[in-house]
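So the sequence lines, in the order shown, correspond to chains A and B.
So in our numbering, spot 51 of the first sequence is number 52, and the numbers just go up one at a time.
So in our numbering, spot 26 of the second sequence is number 29, and the numbers just go up one at a time.
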Amino acid sequence: MKLTLKIWRQGGKYKGEFVTYSLDDINEHMSFLEMLDVLNERLIRQKEEPIAFEHDCREGICGSCSMVINGRPHGPLKGTTTCQLHMRHFRDGDTIVIEPFRAKAFPVIRDLVVDRSAFDRIIQAGGYISVNTGQAPEANSIPIEKEVASRAFDAAACIGCGACVAACPNASAMLFTAAKVSHLALLPQGQVERKRRVLRMVAQMDKEGFGRCSNVRACEAECPKEISVSHIARMNREYLFAAVASETLA
Amino acid sequence: MNWFSRFIVSSIGQKFVMALTGLFLILFLAVHLAGNLQLLRSDGGEAFNTYAHFMTTSPLIKAISYTLYAAILLHTVQGLILWRYNRAARGPVRYAVSYSRPEERPARNMAWIGIIIFVFILIHLSQFWYQMHWGELEMKEYPSYPHKVKDLYSLVSFTYKNPAMVLFYVVCMGVVGVHLWHGFWSAFHTLGLGHRKYVPVIRFVGMAYAIVIPLLFAIIPIIIYFRSE
């Protein structure tokens with residue numbers, strides 16, 4: 002395959018600009034990241050600075066990929082991370098524009114690498130449960146209805162990649178935060194901090210400078226784990242109960 | 004900050020303000036339409052004029068109308084604040100390639116659509132509401148009504164004999180329809196009612212409302228334009 006890549010370069014000698022690269026020996030069975038590896042090997046051989054991009058597991062579960070391909074986080078394929086996207090989904094001769102996730106709360110570190118530690122701080126604010134220390138409790142001692150467990154698991158499938166923020170026209174982190182709030186609010190183990198959790202996680206999300214959700218649902222369409230916006234409605238519900246109806250202050 | 008201030012300035016609190024004022028305005032549209040439909044009765048404007056008199060003099064309606072003015076302003080101002088904040092949240096560099104699905108278009112353009120509607124409301128108020136309250140309108144007497152009432156009916160009929168005014172009104176109703184297409188469902192979702200039991204119903208009613216209400220509003224000036232008087 003022959004491809005033209007327009008890639009955002011920032012850091013080192015690049016102030017923040019698109020640089021065009023031509024590739025003509027791409028195998029259609031390569032993953033998108035392998036295609037970038039080929040380009041980087043060439044750049045290294047030419048004594049050029051390779052393109053910085055984040056990757057870890059390369060099997061769609063770590064949430065490290067953070068690039069926007071032709072305007073879409075993780076590229077054109079539904080329910081797929083960039084590492085699981087293969088070059089056969091592009092055509093010979095295509096021009097592909099690759100940008101980092103764009104959000105004030107996700108500043109660019111270098112090229113296609115963005116700082117997503119805002120998500121870590123949202124989790125630290127309330128994405129945990131209280132358990133007694135000592136021996137691990139017997140897994141089946143608390144019965145959980147199958148349907149509830151499944152719904153909680155759908156939310157727990159979130160890999161925290163930030164594609165929701167990247168896809169949202171408002172750079173809102175509602176789908177991420179809602180997935181975490183939903184996951185724990187649905188399960189008995191999450192009940193202890195249920196009200197405080199939603200108040201604190203939303204407060205932290207706001208503090209990080211993410212935009213406000215306007216129910217566009219681009220997040221749901223681009224989420225590699227296809228997490229539903231119904232979790233956002235649940236978080237709204239949780240938040241209204243906690244902030245207005247409950248005695249919990251913060 | 005106390006708990007209420009914290010809630011109302013939070014991201015979800017601000018959306019809550021948009022949803023509540025939006026739902027109030029949605030409800031108002033139905034009431035307004037019921038009043039407007041009386042323009043179509045061929046009774047020399049009696050039903051419409053006496054209704055308009057009641058709407059400008061009843062103390063209860065007065066209280067509700069102040070709530071309505073407040074709702075329009077709050078919805079507009081809060082909407083603009085959110086729009087500005089959300090644009091800034093994208094960061095210093097915007098995407099070189101933008102992608103959106105057709106079904107997202109109304110939602111992505113709510114701010115622009117809202118500004119057009121706000122301008123329409125200002126023009127609409129200056130044309131009829133201002134004239135009804137402070138303008139020089141002729142007084143009309145109906146045998147079955149105890150006293151004379153202002154003839155708003157004739158002003159409306161005269162205004163919509165102008166094809167440009169009819170076109171402007173019809174186009175604006177189309178814009179209102181697009182705003183409702185997203186707003187109706189979105190308000191319920193924000194209030195936490197995005198529930199799999201209710202979502203299909205809310206979606207259906209929202210889409211029907213977004214089509215039927217603006218359509219009925221738009222038909223009235225067209226009928227006025229074509230009817231002979």
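Idealized CB from N, CA, C, for every residue including glycine.
Note that the structure is a prediction, hence the values are computed from the model and not measured.
Taking only beta-carbon atoms, is residue i less than 9 Å away from chain E?
i	result
B/E107	Structure shown: chain E not included; protein chains present are A and B.
Within the same chain, show all residues whose beta-carbon is closer than 6 Å to that of residue i, passing over the 5 residues directly before and after it, in chain order.
i	result
A/F33	T83, L86
A/R235	S183
B/Y228	Y163, V169
A/R218	V230
B/A55	L155
B/W86	A114
A/C220	C165, A168, C169, L176
A/G94	K3
A/L113	F54, M68, P101
A/D155	none
B/M142	K151
A/C214	S173, M175
Going by beta-carbon coordinates alone, are residue i and residue j separated by less than 9 Å?
i	j	result
B/T59	B/H136	yes
A/F91	A/I99	no
B/F57	B/Y156	no
A/E209	A/G127	no
A/I62	A/I124	no
B/L28	B/A73	no
B/G197	A/I233	yes
A/E239	A/G80	no
B/M176	B/F121	no
A/A179	A/A158	no
A/A204	B/R9	yes
B/A92	A/G212	yes
B/V181	B/I225	no
B/Q17	B/I84	yes
A/A153	A/L200	no
B/I214	B/L43	no
A/L241	B/F171	no
B/V204	B/L32	no
B/G82	B/G117	yes
Going by DSSP in three states, residue i sits in which element: helix, strand or coil?
i	result
A/T249	coil
A/F107	strand
A/V20	strand
B/G138	coil
A/P74	strand
A/G129	Residue identity check: residue 129 of chain A is Tyr in the sequence provided, not Gly. Three-state result, A/Y129: coil.
A/V69	strand
B/Y72	helix
A/H30	coil
B/Y172	helix
A/V230	coil
A/K79	coil
B/G177	helix
B/V100	coil
B/Y133	helix
B/Y145	coil
B/G82	helix
B/G25	helix
B/K200	coil
A/H90	helix
A/G212	strand
B/K151	coil
Can you tell me where the alpha helix (DSSP H) holding residue i begins and where it ends?
i	result
B/K164	Note, B/K164: premise wrong, no alpha helix (DSSP H); not H, not E.
A/G12	That residue, A/G12, is in no alpha helix (DSSP H); its beta strand (DSSP E) goes 4-12.
A/K196	195-208
A/M36	33-46
A/E148	147-157
A/C165	164-168
A/T178	175-187
A/E223	219-223
B/L125	113-127
B/H56	49-60
Near residue i, what residues of its chain come up, given a Cβ to Cβ distance below 8 Å and the 5 sequence neighbours on each side ignored?
i	result
A/C66	L34, F54, E55, H56, H75, T82, T83, C84, C162
A/N28	M2, M88
Short of 7 Å in beta carbon distance, which residues of its chain neighbour residue i, apart from the five on each side in sequence? Order them along the chain.
i	result
B/L140	Q134, K153, D154, L155, L158
A/T5	T21, S23, T96
A/L78	L86, H90
What is the residue span of the beta strand (DSSP E) that residue i lies within?
i	result
A/V98	96-101
inquiry  = Under 8 Å: do the region 45-54 of chain A and the region 4-18 of chain A share three or more Cβ pairs, one atom per stretch?
reply    = yes
task = Kindly confirm or deny that the region 141-151 of chain A and the region 242-250 of chain A touch, where touching means at least three C-beta pairs closer than 8 Å.
result = no
ask   = Is there contact here, the region 165-174 of chain A with the region 103-120 of chain A, by at least three beta-carbon pairs under 8 Å?
value = yes
inquiry  = Using a Cβ distance threshold of 8 Å, determine whether the region 128-143 of chain B contacts the region 178-194 of chain B, with at least three qualifying pairs required.
reply    = no
ask   = Taking three-plus beta-carbon pairs below 8 Å as touching, is the region 202-210 of chain B in contact with the region 173-191 of chain B?
value = yes
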